[in-house]
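J.:
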Amino acid sequence: MNELTTGFPILTLLTVLPLVGAAIALFSGKHARFVALVSALVSLAVAILIWMRLPIDGSIGMVEHAAWVPSLGIEYHLGVDGLGALMLVLSAIITLMSIDAVQREHHNPGLFFCLVLILESGLFGSFTALNFFHWFMYWELSLIPAFFLIKLWGGQRRGSAATQFFVYTMAGSVALLVSFLAVFLSTGSMNFIKLAQLASTGALEQMVTAHLGPVTMWLAIGVLAGFAVKVPLMPFHTWLPEAYAEAPSPVTMLLTGAMSKMGVYGLIRIALPLFGHQISQIRTPLLVLAATTVVMGAWAAAAQKDLKRVFAYSSVNHLGYCLLGIFALAVPAASHAAQASQAAALNGVILQMFNHGITAAALFWFIAMIQMRTGGHRGIEDFGGLRKPAPVFAGLMGIALFSSLGLPGLNGFVGEFLIFRGVFPLAWVAATVSILGLLITAAVILTVIQKVFTGPVAPHCTNFPDLHYGERMALAPVIGLMFLIGLLPQLIVDSVNPTVINLLAHWRF
Amino acid sequence: MTLIQEVSSFTPQTAASAISGILWLIPALPIVASGCIAVLKQPRRRAAATLSIGSLGISLLISIAAFAHVLSGWLAGNAVRESVNFTWIRFGSSAVDLGWVLDPLSAVMLVMVSFVGLLIFIYSTGYMAHDENFTRFFCFLSLFAGAMLGVVISNSILLLFMCWELVGLTSYLLIGFWYHKPSAAAAAKKAFLTTRVGDIFFLLGIVWLFAQTGTLLFYNHGTGSLEPLALASLLTQHAALGLTAAGAIGLLIFAGAAGKSGQLPLHVWLPDAMEGPTPVSALIHAATMVAAGVYLIARVYPLMQAGALTGGVTTSLTVVTWVGASTALFAALIAVAQNDIKRILAYSTVSKLGYMMAGLGMGGVAVGMFHLITHAFFKALLFMGAGSVIHGCHEEQDIRRMGGLKTYMPLTFATYGIGMLALCGVPIFFSGFWSKDAILESAHGWSISHTPYYMLVFGAVITAFYMTRQVSYVFFGQWRGHGHAHESPRVMTTPLAILAFFAVTLGAIGTPAWPWFRAFLDNRASEVDLHAFAEPAWLMLLLTSCFIVVVGIGLGWALYGNKSPEPDASDTLQAAMPHVWTVLQNKFYIDEFYGATFIAFYAWWARVADWFDRRVWGGAVAAVTWLFGLFAQFNRFFDANIVDGTFDKGCEEISTGGGLLASIQSGAVQNYLRILALAVVALVLILFWSSRP
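Protein chains in written order, with the working numbering: chain A, 1 to 509; chain B, 1001 to 1693.
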């Protein structure tokens, strides 16, 4: 792969920026929100700059490469391609939205915004790292602020939620760590690019077998487990509804909008390049789990009474489509048609990551507003007829809901269409089962609309204030983005597709 | 970055005529108008109505120009099919293409949709004059018109599907327009979800077609999916159950059409959709949107017909025929026992859509489409007449509480009567006769079975019967309602008169003597041949039609004519056949059946999914957490200084349900970090060891 080193270490700058903001925010008391907003805006600008200056051929660009602990194969090695850069932009957008969604009055704002910005830095780091050691540090580092954000500002059951979140992710991380340890022992490298090259010729498996015996499959499963928890793949998901529901809504936005993408990103950046062949061997059970995630995630959402849990499960469903696409494409593709299907699926997965991030974060933002306006209500049965007192609110949240439902013209549809376009020829049974998820999701979302927005106005909602000017202006870019991607998806696919072609060319199944 | 060039590559690939170059304006104008109305303030009623009607008026003019272009091509002996295509998304080395097409089929449909739509828009300014959400109504209505026109011009099955879903959205919004009524909100949801059942099959069909043929376009200079090359490749692929890929994809697409067009078993949403304002019922749930399914089948007809043996019969067309014929009869039967003026018409629409499907299945595009066009006019007329009646009777919809309206609302009565006679298919003078006749004719000649023919004939008798019953209840006898009935304003009655004119005259374009419509759609020349009227086969049909009308209307008049039963008295037919009546009145208990099976399963399985999550997976996690707690206690035994709260506290929190506010020093993090640190130390040690030479 082509590794270009640009003169200016812009990726390091991007990772450090939020940390600087975090340090300032910690000591700026009441002005912490403003500091955080400025910091997040600057980060977004830098992220977009990186996204716009990607190498056109889809290879990894803006590489920074320095030896760190050479004897252990540890390097400071950064770089982004279309996938990484899009995730940087997404993380920056979600952080900005999250900060925007925080109430004006907040106890201990300095620490809160400091933690949010550290989390952002962790996200940036893990989406740019190309060395396992360095990547794993960020992967773990992003967990710690998330844990404290849930633990300190969460709801009633925050204690158990935070613990579950932690224990679960830890189990996944340990599996990941052990697998990589074995890979390092066999190859002497932690460099993703070098390892991917070894894997693409089959040398990786030979080296592992020579050093440790026939354990490559177990290593693959270990790596998959680490990511499966994060995304999540059923049955490794039970931490999620609890954590999403108990976290304060701005933090839930970060969890679902950006952190869940770390898992999908890991699958594409690490699991498929290194263990593509192994994954293709256990593809059938993985597809069963992915289809289960899609269908049962949506169905479990239908049984929830708490709006945050509804959308938590709905997130499981939406990310299930990503998993479906990833597992379905893990198959040797000789014909041109099969390669086109793989490209469709992977483009769809990456689009879906971005779209789900935007839409899910927006939905939790709306829930935060509902809670703020009604003194903490968020049960699905607690409302009624909100369209009457708050038509603009209902209209904008309705757009976000229909985006989540996958209505054409809005962002959600494009990714799902490409995923199904790719998956159907490669794994038609899984596609046919999973398409049920589209129906159930629709039922769930229309039920939410029916119960919250229609019918007679609930007594305590008669004075529900509509969105004020500031809120409308804050939401407008997000809603605009939903339409923009829905109508002109090429804006994003342009930067993703070359990377997709590049990645698929180097994978061995 | 090549981004800008890529996106601006929306340039036409084919330099077609000027009119097909601007065809996209037809759907775009109403959609833009809708966007403008959306940001208007509520009191700006006049501006909203002007924008809506103006934009659709311009769309109508462009549609007529497009139609004239196709017509002049046809007159000159050219088959006009001009498409403009562009790339929407590039992935890998393939692309998702969208585009629009101008051919006789889309031209006819464009003119119908924009013309009927415009009349209903004008009518709505009167009907909705007192509604507080007048502007929002026109916003949704314009969006609907744009999306529907988009369906019509699509040359890409994906663009068609996108507009199709948008149409579904506007239907949802308009059925639930009076959202404060829980019944309206429920009906809207039911409509969206029932059609979506069909749509997921449709979507599967699309991705399959796309994967097989590599294109989404219908027509693209020989490489489109409906052109011989692609169809031949689809026929060589075999799917399950002895179907070819073409047959299986055709059936999947038909499932989508069945959802939208209210075919069995997905018809249940359409009668409930009458919760929407009456102009909506006329426009969306009678004339245009529900016909979109029929139009879709007409559009993909080459696919449905691919691999046909003698007589043009394929598996998919056979299914279309049987579903259509069953729906036609089934819905007509239900309509007999309904008392809501709009619900009778709704079931009548379902039944007529069945006729259209059967016509497509047995007779081809022209037969189905002809009935679609004539039906659009007379059914829109009937719905708008019903709206006028409801308006005049102070929002009363129960036909038993009306009566004698022919004297109070003469104009409405006259136009409604014309619509009713057209619907019943009264020979010679009404358009409905000619189009229904064409369907019966093709059913009579169908090579597979004669049963659909008898089903359709019987359905026609019943149609004449229930319409006579309805008209007798509403317009004849004595006034039995509350207050004083009055005629509707001019803005509502004028569109009725215009539609009534077409309900009579439109038949002239498709008579056996001058089958212009069929020739136009099939790109053949047509000649006037008056001898066709003298052919024995046609005379037999004419006789059959006369028989249908005489029996149906006669029976209806004998049972209901000029009587004024008390509103709460049991129906004449009910007294005669109470059991049959109960079954019909309850719509064959289909809704109850779905409630007891699919919907119950959905709710039950949702609870199962939730229970599984909490108990099984959650239990497993709790067990693991408990083990970790044990480990932590074990740890504390050695190392009490570092550990503070440890995992057992975390476990306590889980078991007690977490009523207590946990403190920050729960220690879980320290503990975790400690394990992580130990692991890293171990890792480093092992690495040093193993990397020594």
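A virtual CB, placed ideally from N, CA and C, is assigned to each residue, including glycine.
1. Would you list the residues sitting across from residue 1091 of chain B in a DSSP beta bridge?
2. Return the bridge partner residues of residue 80 of chain A from the DSSP annotation.
3. Residues in its own chain within less than 6 Å of residue 500 of chain A by CB, not counting five upstream and five downstream?
4. For residue 139 of chain A versus residue 253 of chain A, is the C-beta distance shorter than 8 Å?
5. Are the region 380-398 of chain A and the region 455-462 of chain A in contact at 8 Å, needing three or more beta carbon pairs?
6. Taking C-beta pairs closer than 8 Å, name the residues in chain A that residue 1182 of chain B reaches, listed in chain order.
7. Hey, residue 1113 of chain B and residue 1162 of chain B: beta-carbon distance below 8 Å or not?
8. Would you mind telling me which residues of chain B sit closer than 9 Å to residue 424 of chain A, beta carbon to beta carbon, in chain order?
9. Quick one: which unbroken alpha helix (DSSP H) runs of 4-plus residues sit fully inside the region 206-281 of chain A? Chain order, please.
10. Smallest Cα separation from residue 1038 of chain B: which of B:1351, B:1051, B:1028?
11. Does DSSP put residue 1586 of chain B in a helix, in a strand, or in coil?
12. Using C-beta distances below 6 Å, list every residue in its chain close to residue 1250 of chain B, excluding the 5 sequence neighbours before and after it, in chain order.
13. Taking Cβ to Cβ, would you say residue 1290 of chain B is nearer than 8 Å to residue 1591 of chain B?
14. Quick one: what's residue 1154 of chain B bridged to in DSSP?
15. Answer yes or no: do residue 1193 of chain B and residue 446 of chain A have a C-beta to C-beta separation smaller than 8 Å?
16. Do residue 190 of chain A and residue 131 of chain A have their CB atoms nearer than 8 Å?
17. Taking 8 Å as the CB-CB cut-off, is residue 1189 of chain B touching chain A?
18. How about residue 501 of chain A: is its C-beta nearer than 8 Å to some C-beta of chain B?
19. Could you tell me if residue 73 of chain A is buried or exposed, where buried requires 16 or more neighbouring beta carbons within 10 angstroms of its beta carbon?
20. Determine the burial state of residue 1076 of chain B: buried for a count of at least 16 other Cβ atoms within 10 Å of its Cβ, exposed for fewer.
21. Considering residue 464 of chain A, what are the terminal residues of the alpha helix (DSSP H) in which it resides?
22. Residues in the region 1597-1608 of chain B with C-beta within 9 Å of chain A's C-beta atoms, listed in sequence order?
23. In terms of residue numbering, what span does the alpha helix (DSSP H) encompassing residue 1576 of chain B cover?
24. Could you give the residue range of the alpha helix (DSSP H) that holds residue 1351 of chain B?
25. Assuming residue 204 of chain A contacts residue 274 of chain A (C-beta within less than 8 Å), just tell me the rounded distance between them.
26. Identify which residue in B:1479, B:1166, B:1385, B:1397 has its Cα closest to the Cα of residue 1566 of chain B.
27. Fully enclosed by the region 158-214 of chain A, which alpha helix (DSSP H) runs are 4 residues long or longer?
28. Tell me, please, whether the CB atom of residue 150 of chain A is closer than 8 Å to any CB atom in chain B?
29. With distances taken between CB atoms, is the gap from residue 1419 of chain B to residue 1378 of chain B smaller than 8 Å?
30. Which residues bound the alpha helix (DSSP H) around residue 425 of chain A?
31. Using the C-alpha atoms, what's the distance from residue 1375 of chain B back to residue 1548 of chain B?
32. Could you name the residues that DSSP lists as bridge partners for residue 1398 of chain B?
33. Does DSSP put residue 497 of chain A in a helix, a strand or coil?
34. Consider the Cβ of residue 352 of chain A: report whether some Cβ of chain B lies at a distance smaller than 8 Å.
35. Quick one: which chain A residues come within Cβ less than 8 Å of residue 1573 of chain B?
36. Of all the options B:1207, B:1146, B:1545, which has the alpha carbon lying nearest to the alpha carbon of residue 1454 of chain B?
T.: By the coordinates alone:
1. B:1094
2. A:61
3. 343, 346, 347
4. no
5. yes
6. 454, 455, 456
7. no
8. 1204, 1207, 1208, 1210, 1211
9. 216-230, 239-246, 249-254, 260-266, 272-281
10. B:1051
11. coil
12. 1303, 1304, 1316
13. no
14. B:1100
15. yes
16. yes
17. yes
18. yes
19. buried
20. exposed
21. Segment: none, residue 464 of chain A is in no alpha helix (DSSP H) and carries neither H nor E.
22. 1602, 1603, 1605, 1606, 1607, 1608
23. 1572-1576
24. 1341-1363
25. 7 Å
26. B:1479
27. 158-187, 192-201, 203-212
28. no
29. yes
30. 411-426
31. 18 Å
32. B:1340
33. helix
34. no
35. Chain A residues near residue 1573 of chain B: none, gap ~37 Å exceeds 8 Å.
36. B:1545
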